[in-house]
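One structure is given here, and the rest of the page talks about it.
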C-alpha cells in the first residue's frame, strides 16, 4: 500500500466538476439555449443559474470524497 493521500479537497473537486462541464458544453450549448430562451438577459440568467448549480455539484462532490 502506498502512502499517498487519496482524498480530494474542495479546490480539486471544484476544478474537476467545472472542467467537465466547461469542456463538454461551453462550445455546444449556447446556440440551442439562446434559441429556446429568445432573450439575451434571460439567457444570461440561465447561464448564471447553471454556474450556481455547478458550484453546488462541486461542493457535494468534495463532501463525498
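In the UniProt record's numbering, the protein residues as written are 1 to 65. Backbone N, C-alpha and C fix where the C-beta goes; we use that ideal spot for every residue, glycine too.
Residue environment analysis places residue 58 among the buried positions, since at least 16 neighbouring C-beta atoms fall within 10 angstroms of its C-beta.
Between residue 33 and residue 43, the CB-CB gap stays under 8 Å. Residues 10 and 13 of the same chain have their beta carbon placed closer than 6 Å to that of residue 62, with the five preceding and five following residues left out of the count.
The three-state reading of DSSP puts residue 27 in coil, since its state is none of H, G, I, E or B. The DSSP assignment places complete alpha helix (DSSP H) segments of no fewer than 4 residues inside the region 26 to 63 at 30 to 37, in order along the chain.
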